[in-house]
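Novice: Residue numbers (this note's numbering), protein chains in the order written: chain E, 1131 to 1550; chain X, 1131 to 1550.
Beta carbons are placed, not taken as given, at the ideal position from N, Cα and C, and that holds for glycine.
From a predicted model like this one, the values you see are computed outputs, not experimental measurements.
I am attaching a structure below and will ask some questions about it afterwards.
Number of protein chains: 2
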Amino acid sequence: MSDRAVSARLRDEARSLDAADELRAKRAEFVLDDTVYLDGNSLGALPAQVPGRVADVIARQWGELRIRSWDESGWWAAPERIGDRIAPLVGAAPGQIVVGDSTSVNVFKALVGAVRLARGEEGGHPGAGASGGAGHPGEGRDEIIVDATTFPTDGYIAQSAARLTGCRLTPLAPADVPAAVSSRTAAVLLNHADYRTGRLHDLPSLTAAVRAAGALAVWDLCHTAGALPVGLDAHGVDLAVGCTYKYLNGGPGSPAYLYVREEHQARFDSPLPGWTSHVEPFGMRPEFEAAQGVTRGRVGTPDILSMLALEAALDVWDGVAVEAVRAKSLALTDFFLRCVAAYVPKGRVESITPEAHAERGSQVALRCEGAGDVMKRLIERGVVGDFRAPDVLRFGFTPLYVSFADAERAARVLAETLDA
Amino acid sequence: MSDRAVSARLRDEARSLDAADELRAKRAEFVLDDTVYLDGNSLGALPAQVPGRVADVIARQWGELRIRSWDESGWWAAPERIGDRIAPLVGAAPGQIVVGDSTSVNVFKALVGAVRLARGEEGGHPGAGASGGAGHPGEGRDEIIVDATTFPTDGYIAQSAARLTGCRLTPLAPADVPAAVSSRTAAVLLNHADYRTGRLHDLPSLTAAVRAAGALAVWDLCHTAGALPVGLDAHGVDLAVGCTYKYLNGGPGSPAYLYVREEHQARFDSPLPGWTSHVEPFGMRPEFEAAQGVTRGRVGTPDILSMLALEAALDVWDGVAVEAVRAKSLALTDFFLRCVAAYVPKGRVESITPEAHAERGSQVALRCEGAGDVMKRLIERGVVGDFRAPDVLRFGFTPLYVSFADAERAARVLAETLDA
């Protein structure tokens, strides 16, 4: 078949797939142009609801009501309220997610908190004293295991958490965790999907292995929340964190979130006990007493503008089942890989994203010579992915707004770019 | 003189003072109504520049440029760029302030960092190992002193920093610090102004006493930055933090900032070493190596919407000298206290804010029976201050938009409210 005929057939197929796509109407809820935007795994596109909502938050809630908005506009309760909006997307019952701070800060809370839980340290009261928890059942646990292939910030923060809690840090490939986790392990920090390769790790079995050893499983959901079912409650995850600016489209640097499994909340002992995590924040008491529930994962004054932009962005999830998102995500990445195979001469790129659906997140990573330059040229031609050193082209597929026609065009422009 | 005549005279005086006020034109740069807004020490009023700027950040920078804005719209450099806008307001040369995270999180960075600096621990590299710094000159320093009258979050976070660094925590009244600080003290955390009474603490002499003992002075500027000269560089302050939503008008929960004195930056070893504080953030290297300069005070991805709202808010400072702000602030609080004395029957309220200018911040706190109810009624009548348990009425005076007429009206309505 001629190149032209191949292309015509793939374009036809894209049209059919788009026509049958039950999520296709969602695209209209985003501000998009004729760019093929495959960088939603770095910064999600702008949901159309956001500008008006933020304008109201600024002009009316801040500008007119001012301080009264902490009550009257629901500012104070936003971290838990928005947490409950994220909860169904990651398989969590209400009351276990609090929004605020960056992912890195939440990794710190989660890891130090996990070490303390694993050691059975008493916390949440001022007499807790120095670390060590002498005499507690988990006293001997002095190891944090971290995904060696992790997005670097998790590793840096894990290093700091280990240093401050007197643990050693053991970096391991996720597949090696079940054999390595032991009665010395306090906590294991894993990424649900590898930011570079797009590999999806097996959350249920890894969590089970960690818990079987008496350690706590802490998951970073940055690259999966909003792209596929996570099942935090169902799979027994202890703690989790995630950002909201990728598949959740919360905007640049929008607040992250922390999940604390209900059974751990009463003993969760945050290393960042700010005034808004106090049981009586306006009592202004000198002694700290932690709030009940996931509120103890809060720290300082919530960042309202960014938080309410995120809340508006979450409206696009109304009526959307994560299972449908996952089905489309896999269909999109399958189709993109087929188009790449059809268009790009053999040997020019190599997919490092697993073929097996069970091992694939919602991105495709292609190893490619001169990847940095190639991505620059792709962007000039209206196909936006990103480059990760030294040689990876990343293409993220956000099922709510990426079409099969986008996938076909991206592969075609990639081939043309490599040919030029 | 009759009540009516007293009132007429004070109103005349307010008019004269407002007419002579060199900052009076600044009021037009804020969105205000006929409310007397004396709660800018909790949430600053909306600067008129903000709505349009944020609309552009959302619609064009995020909505159109999307991921490209990290470079093209200057998102990446915002934390240091905006830090340099705050610097002259607190007496800091450029390159020493980074914006991001909440005040509480910055207190944690500053205090743990200060303890490590005091102990001479080597940091900023992955081999730093567990705390202790055996053999270093400051090894024996195992005490953090904290302002016992502090805004509670500082005390809670100081407790956590002490626990994680193996220090004991000593709460003291600021005046007792010089006698107590010793060769065992690593760091002292003080509030520049007391959030409840409005008392201004003597930053130069307290800093000198702390440094003379070989400890580090960490100041919380929440209640003074933007209200009076601070002089961080001139007075030898080691580290400082502050929020930006009070006298800096950055918006609800806007990002806080961290000041790291230039001489400490090369050894500043943050307990929250996120990916954006790495020397090569896009190198995605597994080993942490801290960036040069104050950038090592960063943690995760900067919260752009809130940060750029703050940047727009700082435009109101163009052409404003902090000394002029301070002069007006003192004149306003003096005048308000005179009006209260003239209007309110003796014994109904008692000022707990010091009379001496050198000991007064930019608020007046009045002890009053039934203060909670009184404040509710004041707010209903268009005079907005706030209530701090158990019996304090707080009135904050933001010189950029509060007028002498506001001060007179607030005192008059207070008297009427107490009379009713």
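1. Spell out whether any CB of chain X is found under 8 Å from the CB atom of Y1531/E.
2. With 8 Å set as the bound, which would you pick, yes or no: does the beta-carbon of H1255/E sit closer than that to a beta-carbon of chain X?
3. Between E1273/E and R1314/E, how many whole angstroms is the CB-CB distance? I'm expecting something under 8 Å.
4. Is R1157/E close to chain X? Criterion is C-beta to C-beta, closer than 8 Å.
5. Using the Cβ count rule (16 or more neighbours within 10 Å means buried), how would you classify P1520/E?
6. Measuring only the C-alpha atoms, how far is V1479/X from C1498/X?
7. Taking a cut of 9 Å between CB atoms, which residues from the segment 1408 to 1436 of chain X lie near chain E?
8. Identify, in the order they occur along the chain, each residue of the same chain with its Cβ nearer than 6 Å to the Cβ of G1402/E, setting aside the five sequence neighbours on each side.
9. Determine the extent of the alpha helix (DSSP H) in which V1136/E is found, giving its start and end residues.
10. Residues bridged to C1498/E by DSSP?
11. Closer than 8 Å is the cut-off here; do at least three beta carbon pairs connect the segment 1448 to 1461 of chain E with the segment 1522 to 1537 of chain E?
12. In terms of residues, what are the limits of the alpha helix (DSSP H) holding A1420/E?
13. At least one CB of chain X closer than 8 Å to the CB of D1516/E: is that the case?
14. Tell me, please, which residues DSSP counts as bridged to A1185/E.
15. Within 10 angstroms of the Cβ of R1391/X, are there 16 or more other Cβ atoms? Answer buried if so, exposed if not.
16. So which residues on chain E does Y1167/X lean against when the C-beta distance must stay under 8 Å?
17. Looking at the secondary structure, which residues open and close the alpha helix (DSSP H) in which V1340/E lies?
18. Starting from the C-beta of R1468/E, find all residues in its chain whose C-beta is less than 8 Å away, skip the five residues before and the five after it, and write them out in chain order.
19. In the structure shown, what three-state DSSP assignment does E1251/X receive?
20. Using a Cβ-Cβ cut-off of less than 9 Å, list which residues of the segment 1228 to 1242 of chain X approach chain E; keep chain order.
21. Using only the alpha-carbon positions, how far apart do H1408/X and D1151/E sit?
22. To which residues of the same chain is A1535/X closer than 8 Å at the C-beta, ignoring the five residues directly before and after it?
23. Can you list the residues of chain X that L1496/E reaches, using a CB-CB cut of under 8 Å?
24. Grouping DSSP H, G and I as helix and E and B as strand, with all else coil, what is V1161/E?
25. In chain order, what are the residue ranges of uninterrupted alpha helix (DSSP H) at least 4 long that sit wholly in the segment 1279 to 1316 of chain X?
26. In terms of alpha-carbon separation, which member of V1504/X, G1423/X, W1405/X, Y1375/X lies closest to E1417/X?
27. Where does F1534/E fall in DSSP's three states?
28. Touching or not, the segment 1339 to 1349 of chain E and the segment 1360 to 1379 of chain E, by the rule of three or more beta carbon pairs under 8 Å?
29. Could you check where the beta strand (DSSP E) with Y1377/X kicks off and where it finishes?
30. Within 8 Å of any Cβ in chain E, is that where the Cβ of L1173/X sits?
31. From S1400/E to F1465/E, what does the alpha carbon distance come to, in whole angstroms?
32. Does the beta carbon of W1192/X sit closer than 8 Å to a beta carbon anywhere in chain E?
33. Going by alpha carbons, who is nearest to Q1289/E out of V1136/E, A1317/E, P1411/E?
34. First and last residue of the beta strand (DSSP E) that includes E1392/X?
35. Which residue from A1488/X, L1319/X, G1491/X puts its Cα closest to that of D1306/X?
36. Output yes if chain E places a C-beta closer than 8 Å to the C-beta of Y1286/X; else output no.
Specialist: Judging by the given coordinates:
1. On the first sequence, residue 1531/E is found 401 positions in, with the first residue counted as 1. So, not an interface residue.
2. As a position in the first sequence, residue 1255/E is number 125, starting the count at 1. Only weak support is given to the placement of H1255/E: the predicted model assigns it a pLDDT of 39, under 50, and the question is left unresolved by the model.
3. For the purposes of this step, residue 1273/E is taken as the residue at position 143 of the first sequence. For the purposes of this step, residue 1314/E is taken as the residue at position 184 of the first sequence. Right, their Cβ atoms sit about 5 Å apart.
4. Within the first sequence, residue 1157/E is the residue found at index 27, counting from 1. Cβ-Cβ to chain X under 8 Å: no for R1157/E.
5. Stepping through the first sequence from its first residue, residue 1520/E is reached at position 390. Exposed: under 16 other Cβ atoms inside 10 Å.
6. Locating residue 1479/X in the second sequence gives position 349, counting from the first residue. Locating residue 1498/X in the second sequence gives position 368, counting from the first residue. Taking the straight line joining both Cα atoms gives about 5 Å.
7. H1408, P1411, F1412, G1413, M1414, R1415, P1416, E1417, F1418, V1429, G1430, T1431, P1432, D1433, I1434, L1435, S1436
8. Taking the first sequence and counting its residues from 1, the one referred to as residue 1402/E is at position 272. Note that residue 1402/E corresponds to Leu in the displayed sequence, not to Gly. Correct list, in chain order: K1239, V1429.
9. The sequence position of residue 1136/E within the first sequence is 6, counting from 1. From DSSP, the alpha helix (DSSP H) with V1136/E extends over 1133 to 1150.
10. Here the question's residue 1498/E lines up with position 368 in the first sequence. C1498/E pairs with V1479/E.
11. yes
12. The residue you call residue 1420/E lines up with position 290 of the first sequence. Run containing A1420/E: none; DSSP gives neither H nor E here.
13. Position 386 of the first sequence, counted from the start, is the residue given in the question as residue 1516/E. Yes - at least one Cβ of chain X is within 8 Å of the one on D1516/E.
14. By one-based count along the first sequence, residue 1185/E stands at place 55. None, per the DSSP bridge assignment.
15. By 1-based counting over the second sequence, the position of residue 1391/X is 261. Flag for R1391/X reads buried.
16. Here residue 1167/X refers to the residue found at position 37 of the second sequence. Per Cβ cutoff of 8 Å: R1196.
17. Here residue 1340/E is taken as the residue at index 210 of the first sequence, counted from 1. Counting along the chain, the alpha helix (DSSP H) containing V1340/E begins and ends at 1333 to 1342.
18. Locating residue 1468/E in the first sequence gives position 338, where the first residue counts as 1. Closer than 8 Å at Cβ, skipping near neighbours: L1140.
19. Position 121 of the second sequence, counted from the first residue, corresponds to residue 1251/X. Coil, per DSSP.
20. G1230, D1231, S1232, T1233, S1234, V1235, N1236, V1237, F1238, V1242
21. Position 278 of the second sequence holds residue 1408/X. Position 21 of the first sequence holds residue 1151/E. Spanning the two alpha carbons is a distance of roughly 42 Å.
22. Taking the second sequence and counting its residues from 1, the one referred to as residue 1535/X is at position 405. Within its own chain, the residues whose Cβ lies closer than 8 Å to the Cβ of A1535/X, once the five positions on either side in sequence are excluded, are R1141, A1144, R1145, D1148, listed in chain order.
23. Along the first sequence, read from residue 1 onward, the residue named residue 1496/E stands at position 366. Correct list: empty, because the minimum Cβ distance to chain X is about 17 Å.
24. For this step, residue 1161/E is matched to residue 31 along the first sequence. Correct three-state label for V1161/E: strand.
25. 1282 to 1295, 1307 to 1310
26. Looking up residue 1417/X in the second sequence gives position 287. Checked all of V1504/X, G1423/X, W1405/X, Y1375/X; the closest Cα to E1417/X is W1405/X.
27. In the first sequence, counting from the first residue as 1, residue 1534/E sits at position 404. Residue state, collapsed to three classes: helix.
28. In this structure the segment 1339 to 1349 of chain E lies against the segment 1360 to 1379 of chain E, because at least three pairs of beta carbons, one per stretch, are closer than 8 Å.
29. Indexing the second sequence from 1 puts residue 1377/X at position 247. For Y1377/X, there is no enclosing beta strand (DSSP E), as DSSP marks it with neither H nor E.
30. Within the second sequence, numbered from 1, the residue matching residue 1173/X stands at position 43. Residue-level contact check: L1173/X touches chain E, since one or more beta carbons of chain E fall below 8 Å from its beta carbon.
31. Stepping through the first sequence from its first residue, residue 1400/E is reached at position 270. Stepping through the first sequence from its first residue, residue 1465/E is reached at position 335. One C-alpha to the other measures close to 44 Å.
32. Within the second sequence, the letter at position 62 stands for residue 1192/X. Yes, contact with chain E.
33. The count along the first sequence starts at 1 and reaches residue 1289/E at position 159. Comparing Cα-Cα distances from Q1289/E to each of V1136/E, A1317/E, P1411/E, the minimum goes to A1317/E.
34. In the second sequence, residue 1392/X corresponds to position 262, counting from 1. First-last for E1392/X: 1392 to 1395, but that is the alpha helix (DSSP H), not the beta strand (DSSP E).
35. In the second sequence, counting from the first residue as 1, residue 1306/X sits at position 176. If we check each option's Cα against that of D1306/X, L1319/X comes out closest.
36. Looking up residue 1286/X in the second sequence gives position 156. Yes, Y1286/X lies at the interface with chain E (some Cβ there is under 8 Å from its Cβ).
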